[in-house]
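The next block holds one structure in the form of structure tokens; read it before the comments.
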Amino acid sequence: MKYVLCLHRWVGSQALYDLYELPAGMQIRAICTPESCASLPSERLASSSVLVSLDDAEAVMAEAERLVEQHGVPALVVALNEGDLLNAASIRERWQVPGDLVAWTERFRDKLTMLEVAGRQSSIGVLPALPADSREAVERLAAEHGYPLVLKPRYGTASRGVKFLRGPKDLDQIRQATEPMMVQACCAAPILHVDGWWDGQRIVVVTASRYVNSCADFGPDSPLGSIELEEGDDERRIAGRVEQLLAVFAPEREIVFHLELFDLDDKLLFLEIGARVGGAEIPFLWREVRDIDLLGIAWEIQTGASTRYRDLARSLSKEGRPLHRERGAWVIARRNSSPRDGLGTLYWAQPQNLDRFASGVYEGAGTRLRLRSFDRPALVRDVGKIFEQLSESWGAQS
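Residue numbers are given in the UniProt record's numbering: position 324 of the sequence shown equals residue 324, and the series is strictly consecutive.
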């Protein structure tokens with residue numbers, strides 16, 4: 001029987017595989033991890049292969065080769081998590097499976113490549129950056145733009161491996177890297193994340209949110225939050241510029257996207273973009289607050305099995321905005337913590353007695369909270385209260 005090979009690493013129910021349509025007569029064969037097995041589809045699953053980590057590209061390719069030897073070449077290869085996109089593209093190339101290939105995928109995974117592509121338009125600015133393979137070149141970048149500089153993995157996910165070079169003494173960190181790295185001029189402006197679906201010609205639906213703290217600061221004593229922007233001119237201004245950016249990244253190509261931008265009020269600067277659904281609580285907020293399943297859309301784009309989730313998204317949006325006007329927010333923290341009473345916009349909190357492990361930086365957070373309200377100032381107040389409560393709780397523990 002023909003099958004779809006699915007690379008799957010989520011522990012939770014980000015992807016609702018049992019609800020997503022498959023091409024006629026196909027089943028799913030999955031490559032997963034020990035912790036992600038439990039969230040595999042319960043129906044239509046022909047087999048599952050367990051690897052210690054899907055970050056091991058050689059192990060993933062070897063397992064794909066074993067499956068091909070036993071069951072033939074897959075009809076399709078699907079990967080919905082950012083960390084699996086390049087492995088999926090490599091499998092497609094090796095066995096000539098239809099779908100996104102490595103060169104296309106790298107413009108959304110290699111941060112230097114995406115900066116080069118972003119530089120082909122003028123609606124959103126681009127910060128100077130270069131490969132971290134020459135101390136002399138990095139010193140020239142520092143001489144021109146000053147410290148701090150940002151050192152980060154070219155193929156990194158979430159905020160893993162991001163460091164600040166605050167002076168010449170920190171440049172030794174460049175030689176210590178065990179993976180391809182890049183160095184970029186630093187920008188201290190607030191960061192936006194913009195999420196949605198682009199059909200190859202226009203944005204069908206999009207939301208813009210502002211981070212509280214930054215992904216790079218997320219750590220044991222620093223939570224991360226996000227609050228969707230108020231409806232209005234600012235949101236429309238951002239969406240208009242993003243549409244011009246997407247026209248150079250994916251002309252005539254359909255993608256779901258997660259884009260991060262520095263917000264300098266009258267100017268936007270490019271941070272990074274992914275041709276995938278955003279992490280943390282983003283897929284859940286889209287499904288629970290807006291009734292739009294971005295991962296369902298991503299599944300349809302990769303399989304071509306139906307247009308149901310895209311049709312629904314079109315019917316639930318107008319002029320690029322979800323029809324449902326309620327706004328969403330979320331907070332995550334590394335440490336476990338239970339929210340106190342008095343948070344009127346909080347609608348979901350991760351149970352504190354979970355007996356499971358998630359390797360993802362954000363999915364593995366001990367505290368995960370989702371909020372919703374038609375009153376954005378109420379969201380701002382409650383997120384502020386949560387940050388205060390977390391600070392007080394952690395201060396009492398130390």
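Quick reminder that beta carbons are idealized off the backbone N, C-alpha and C, glycines included.
Predicted model only: the values in this text are computed from it and were never measured.
I need the straight-line Cα distance from residue 221 to residue 56, nearest angstrom please. 29 Å
Can you tell me where the beta strand (DSSP E) with residue 124 in it begins and where it stops? Here residue 124 belongs to no beta strand (DSSP E), and DSSP marks it neither H nor E.
Taking residue 367 and residue 329 to be in contact with their CB atoms under 8 Å, please state how far apart those CB atoms are, rounded to whole angstroms. So it is not a contact: roughly 14 Å between Cβ atoms.
By how many angstroms is the C-alpha of residue 190 removed from the C-alpha of residue 401? For residue 401 there is no data in the structure shown, the boundaries of the chain being 1 and 398.
What do you reckon, are the CB atoms on residue 132 and residue 138 nearer than 8 Å? yes
Compute every distance between the C-beta of residue 146 and the non-hydrogen atoms of the ligand SAH, then say whether any falls below 7 Å. Looking at this structure, you won't find the ligand SAH or any other ligand, since it has none at all.
Limits of the unbroken beta strand (DSSP E) element including residue 367: 367 to 373
Confirm, please, whether the CB-CB distance from residue 92 to residue 101 is below 8 Å. yes
Could you tell me the alpha carbon to alpha carbon distance between residue 97 and residue 74, rounded to whole angstroms? 7 Å
Between the alpha carbons of residue 347 and residue 172, how many angstroms are there, rounded? 46 Å
In whole angstroms, what is the alpha-carbon distance linking residue 393 and residue 351? Cα to Cα, residue 393 sits roughly 17 Å from residue 351.
Anticipated Cβ contact below 8 Å, residue 293 with residue 309, distance rounded: About 5 Å separates the CB atoms of residue 293 and residue 309; that is less than 8 Å, so the two are in contact.
Taking only the alpha-carbon atoms, compute the straight-line gap between residue 335 and residue 386 and give it to the nearest angstrom. 13 Å
In the DSSP assignment, what residue or residues form a beta bridge with residue 131? 182
Leaving out five residues before and five after residue 44 in sequence, what residues of the same chain have Cβ atoms less than 7 Å from its Cβ? Excluding residues within five positions, the ones whose Cβ falls inside 7 Å are 22, 27, 28.
Tell me which residues share the same chain as residue 383 and place their Cβ nearer than 8 Å to its Cβ, disregarding the 5 neighbours each side in the sequence. 212, 225, 227, 329, 331, 371
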